[in-house]
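S.K.: First, the structure itself, so that you have it in front of you.
Number of protein chains: 2
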Amino acid sequence: MTARDRVLDAYESLLIEVGPAAATLDAVSSSAGVSKGGLLYHFPSKEALVTGLLERLRRRGLEDAARMREAEDGAVATWLRGSAPPLESTSGLSRTYVAALRIAGGDEASELARAVFAEIDEGWFAALRDELGDPARARLVQLVGDGLYLAAVTGAEDAGPVPVDDLLAALAPVLGRSTPSSPDVSDRD
Amino acid sequence: MTARDRVLDAYESLLIEVGPAAATLDAVSSSAGVSKGGLLYHFPSKEALVTGLLERLRRRGLEDAARMREAEDGAVATWLRGSAPPLESTSGLSRTYVAALRIAGGDEASELARAVFAEIDEGWFAALRDELGDPARARLVQLVGDGLYLAAVTGAEDAGPVPVDDLLAALAPVLGRSTPSSPDVSDRD
DNA sequence: GTCTATAGATGGATAGAC
DNA sequence: GTCTATCCATCTATAGAC
Chain A
22 MTARDRVLDA
32 YESLLIEVGP
42 AAATLDAVSS
52 SAGVSKGGLL
62 YHFPSKEALV
72 TGLLERLRRR
82 GLEDAARMRE
92 AEDGAVATWL
102 RGSAPPLEST
112 SGLSRTYVAA
122 LRIAGGDEAS
132 ELARAVFAEI
142 DEGWFAALRD
152 ELGDPARARL
162 VQLVGDGLYL
172 AAVTGAEDAG
182 PVPVDDLLAA
192 LAPVLGRSTP
202 SSPDVSDRD
Chain B
22 MTARDRVLDA
32 YESLLIEVGP
42 AAATLDAVSS
52 SAGVSKGGLL
62 YHFPSKEALV
72 TGLLERLRRR
82 GLEDAARMRE
92 AEDGAVATWL
102 RGSAPPLEST
112 SGLSRTYVAA
122 LRIAGGDEAS
132 ELARAVFAEI
142 DEGWFAALRD
152 ELGDPARARL
162 VQLVGDGLYL
172 AAVTGAEDAG
182 PVPVDDLLAA
192 LAPVLGRSTP
202 SSPDVSDRD
């Protein structure tokens with residue numbers, strides 16, 4: 022793994038575990054196993070570090086939206102399941118998303134953050150809309166997933182594993198009879 | 022208005038508008054129209070300021086849950102409407118909630134923040150559950166509102182006014198026939 | 001109760017060796 | 001490409017006048 026990625030991983034971890042205030046260049050560099058000077062070679066400023074995180078978020082977010090469209094059990098279930106992130110075990114998008122939420126509205130880079138959030142949210146919304154057929158229900162499902170993400174911000178992880186199945190059951194009247202076992206998806210590779 | 026409240030108002034505004042990093046004691050005090058020393062008389066430390074904000078959040082949150090139960094158009098509609106906060110015009114709970122979201126997971130006080138969020142979320146959940154009858158649908162509705170709050174974190178305010186009516190319409194199959202025009206609420210003053 | 005002035009600590013960033 | 005050492009700005013908090 023490249024040093025650049027190790028730095029971003031460490032930055033994410035610190036943002037999630039100790040918060041933005043304690044995610045200093047010193048803390049990030051030592052956590053990543055490089056010196057402060059070494060970090061600043063890869064990211065010439067703290068803003069560059071933030072930008073690097075947001076670029077990673079954008080790439081992973083767009084990839085995720087594409088993956089949702091091809092998921093076996095449908096975009097809706099994939100969306101809700103992915104929105105209830107077990108942050109410890111995940112090393113991918115969920116972690117990056119929650120880390121980025123921590124710095125959203127924090128610094129100068131918030132304009133870029135806003136744009137990236139808007140772009141990937143649009144990608145997710147489009148995937149849900151294309152599966153559900155209409156924008157209103159797509160927006161509804163998206164908001165449920167967003168609500169799950171908010172729990173990561175408020176720190177309500179002690180609420181136990183999120184009952185995604187219960188949510189899908191409660192949503193059933195809205196989703197119609199498009200249960201996960203619908204066989205109308207051609208199997209492509 | 023007491024100086025203490027003016028300080029908290031200024032702190033909220035700075036958290037929302039410029040973020041936690043720039044919400045320094047200098048900025049808060051000058052924005053509130055007092056000196057730094059004056060601020061530190063009312064709040065002996067920055068942590069005390071954070072605690073003061075969280076106490077205000079707790080009080081307003083519990084009041085809001087009580088108000089939801091008595092609302093004319095029902096707890097669900099009140100919840101969704103209140104979760105789509107026009108931050109500029111509101112001076113009450115929504116503003117405090119979003120401000121607190123900005124510092125959640127930031128400092129040492131995050132343990133208290135977590136507890137306060139959990140408490141008021143429980144109050145909202147109970148109000149929705151008592152109106153809807155079962156916890157699964159209550160949780161679903163609550164998550165939709167939480168999703169609207171997440172937009173305040175990601176900064177997606179340019180998405181236009183949130184179509185609460187569209188959400189209620191899309192949720193109708195879940196909510197059953199408990200339309201807002203139910204006349205079973207006695208008018209008290 | 002509110003102010004000014006200042007101490008003490010820490011963060012971001014630069015310079016330059018290796 | 002990575003390191004150490006250092007500078008400078010800024011933030012929290014204290015001391016003490018009014």
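Going down the list, the sequences are from chains A and B.
Using our numbering, the first residue of the first sequence is number 22, and each one after it goes up by one.
Using our numbering, the first residue of the second sequence is number 22, and each one after it goes up by one.
All C-beta atoms, glycine included, are put in the ideal place defined by N, C-alpha and C.
Since this is a predicted model, take the numbers as computed values, not measurements.
Considering only residues of the same chain and omitting the five flanking positions on each side of L188(B), which have a CB-CB separation below 8 Å?
M.R.: Once the five neighbours on either side are set aside, the close Cβ partners of L188(B) are L101 and V165.
S.K.: Taking a contact to mean a Cβ-Cβ separation below 8 Å, would you say P170(A) touches S104(A) in this structure?
M.R.: First, the amino acid is wrong: residue 170(A) is Tyr here, not Pro. Yes.
S.K.: Return the CA-CA distance between A26(A) and G154(B), expressed in angstroms with no decimal places.
M.R.: Inspection of the sequence shows that residue 26(A) is occupied by Asp rather than by Ala. One C-alpha to the other measures close to 49 Å.
S.K.: Straight-line CA distance for R90(A) to F146(B)?
M.R.: Using only the alpha carbons, I get a separation of about 32 Å.
S.K.: Since A29(B) and A48(B) are thought to touch, with beta carbons under 8 Å apart, how far apart are those beta carbons, to the nearest angstrom?
M.R.: In the sequence as presented, Ala is not what sits at residue 29(B); that position holds Leu. At roughly 14 Å, the Cβ-Cβ gap does not stay under 8 Å, so L29(B) and A48(B) are not in contact.
S.K.: At the 8 Å Cβ level, is L74(B) part of the contact set with chain A, yes or no?
M.R.: So no, L74(B) is outside the interface.
S.K.: Please go through the same chain and pick out, in chain order, the residues whose beta-carbon is closer than 6 Å to the beta-carbon of G126(A), but skip the five residues on each side of it.
M.R.: Excluding sequence neighbours, G126(A) sits near nothing in its chain.
S.K.: Do the CB positions of A121(A) and L46(A) come within less than 8 Å of each other?
M.R.: No, these two residues do not count as a Cβ contact at 8 Å.
S.K.: Could you tell me the distance, in whole angstroms, from the CA atom of T175(B) to the CA atom of D167(B)?
M.R.: In a straight line, the C-alpha of T175(B) is about 13 Å away from that of D167(B).
S.K.: For S203(A), which of helix, strand or coil comes out of DSSP?
M.R.: In this predicted model, S203(A) has a pLDDT of only 44, less than 50, meaning its place in the structure is not dependable enough to derive any value.
S.K.: Please list the partners that D187(A) has in chain B, where partner means a Cβ-to-Cβ separation under 7 Å.
M.R.: What D187(A) touches in chain B: A157.
S.K.: Using the rule of at least 16 other Cβ atoms within 10 Å of the residue's Cβ for burial, across every protein chain shown, is P41(B) buried or exposed?
M.R.: It is buried - the Cβ of P41(B) has at least 16 other Cβ atoms within 10 Å.
S.K.: Can you tell which of R79(A), Q163(A) and A44(A) has its C-alpha closest to the C-alpha of T99(A)?
M.R.: Nearest of R79(A), Q163(A) and A44(A) to T99(A), Cα basis: Q163(A).
S.K.: Just to check my reading of the structure: G82(B) and E152(B) have Cβ atoms closer than 8 Å, yes? What is that Cβ distance to the nearest angstrom?
M.R.: In fact, because the Cβ distance is near 18 Å, the residues do not count as touching under 8 Å.
S.K.: Go ahead and pull the three-state DSSP assignment for F64(A).
M.R.: Note: F64(A) maps to coil in three-state DSSP.
S.K.: Report the rounded CA-to-CA distance for E68(B) versus L133(B), giving the unit in angstroms.
M.R.: Their Cα atoms are separated by approximately 11 Å.
S.K.: Taking 8 Å as the CB-CB limit, is Y170(B) close to chain A?
M.R.: Cβ-Cβ to chain A under 8 Å: yes for Y170(B).
S.K.: Whole angstroms are fine: how far does the CA of V119(B) sit from the CA of I37(B)?
M.R.: In a straight line, the C-alpha of I37(B) is about 7 Å away from that of V119(B).
S.K.: Just checking: is the beta-carbon of V71(A) within a distance shorter than 8 Å of some beta-carbon in chain B?
M.R.: Not an interface residue.
S.K.: Taking all protein chains shown into account, do 16 or more other C-beta atoms lie within 10 angstroms of the C-beta of S207(A), making it buried, or fewer, making it exposed?
M.R.: Legend: pLDDT at S207(A) = 47, less than 50; position of this residue unreliable, value from coordinates given subsequently. With fewer than 16 other Cβ atoms within 10 Å, it is exposed.
S.K.: Compare the C-beta of L83(A) against all C-beta atoms of chain B and say whether one is closer than 8 Å.
M.R.: Taking Cβ atoms only, chain B never reaches closer than 8 Å to L83(A), which makes this a no.
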